[in-house]
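Read the structure below first, then the notes.
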Amino acid sequence: MRNPGKKDPDEYGRVTNKMNNIKIINLKIIIKIVLICLISIKNLKADFFKDISYLIENNTPRLSYGVAVTDLDHDDKFDFIVTGYRYSNLALSYKKNKLRNIINQNIFTDQNRQAIGVAACDVDFDGKEEIYILNTDSFSGKKIYADRLLDSHKNTYIDLFEDNINNGCFKCYSRKVSSLCR
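The sequence shown lines up with residues 812 to 993 when you count with our numbering.
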């Protein structure tokens, strides 16, 4: 008869063996997970993006914090709007095997402003996307430079925020802009 106060040495051995087996199984699982992670990391190094910055005409160092993709020149090909923080905003289009700036109007390039974001969206439902350029010059409160909402009329851009109806509006601090237009 077994003494309830005494431990059976065989039972202790069986428990120890089971625990060792569990540790071995857990170690095998951990090794498999590590191997899967290493293989996944190796696959992340695949060429997902290709550096084509050499295609940008007059590509000089600059501060740019925002980009939007839209068809600016209505040729059914996407163009890139790249903001400039104390640099000109760019409208890059793929022409003659180069990414070329296709808009040089002062209201668009806005070299003296500090653009940090851009979005394109057809806000007036005319089939052409307007361009919202987010400018910043302060971290809170009112700012000197308003954002821009640019609309194209016969290859000329106008800022809808400069319309008298919007006088005094749109000069509040902000950090992000986005759009959903489809």
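Even for Gly, the Cβ is constructed at its ideal location relative to N, Cα and C.
Any C-beta of chain C sitting closer than 8 Å to the C-beta of residue i?
i: I840; result: No chain C appears in this structure, which consists of one protein chain only.
At which residues does the beta strand (DSSP E) containing residue i begin and terminate?
i: T881; result: 878-881
i: I912; result: Checking the sequence shown, residue 912 turns out to be Asn, not Ile. Note, N912: beta strand (DSSP E), 909-912.
i: N969; result: Looking at the sequence provided, one finds Ile at residue 969 rather than Asn. Per DSSP, I969 belongs to the beta strand (DSSP E) from 967-970.
i: L866; result: Note, L866: premise wrong, no beta strand (DSSP E); not H, not E.
i: H964; result: 959-964
Quick one: what's residue i bridged to in DSSP?
i: A926; result: N946
i: F891; result: V880, L903
i: Y1000; result: Because residue 1000 is not part of the residues shown, which for the chain are 812 to 993, the question remains open.
i: E941; result: C932
Measuring alpha carbon to alpha carbon, tell me which of the options ends up nearest residue i.
i: N912; options: S949, N869, L960, D882; result: N869
i: F891; options: A931, F860, I847; result: A931
i: T881; options: E940, N977, N975; result: E940
i: V893; options: H885, S875, F860; result: S875
i: A926; options: A879, H964, K965; result: A879
i: V988; options: K909, N975, K953, D958; result: D958
i: T920; options: D887, S904, Y968; result: Y968
i: S963; options: D933, R924, I976; result: D933
i: C965; options: Q916, D974, N978, D948; result: For clarity, residue 965 is Lys in the given sequence; the question names Cys instead. For the residues Q916, D974, N978, D948, the minimum Cα distance to K965 belongs to Q916.
i: D935; options: L945, A902, L961; result: L961
i: F889; options: Y905, L901, T947; result: Y905
i: E973; options: S990, P872, Y943; result: Y943
i: L910; options: S864, R873, I918; result: S864
i: P872; options: G938, R897, F860; result: R897
Rounded to whole angstroms, how far is the Cβ of residue i from the Cβ of residue j, which I believe are closer than 8 Å?
i: G928; j: G877; result: 4 Å
i: I914; j: L883; result: 7 Å
i: S899; j: Q922; result: 5 Å
i: R986; j: Y956; result: With a Cβ gap of about 14 Å, R986 and Y956 do not count as contacting.
i: K953; j: T947; result: Incorrect: roughly 12 Å between the Cβ atoms, too far for contact.
From which residue to which residue does the alpha helix (DSSP H) around residue i run?
i: F919; result: 917-920
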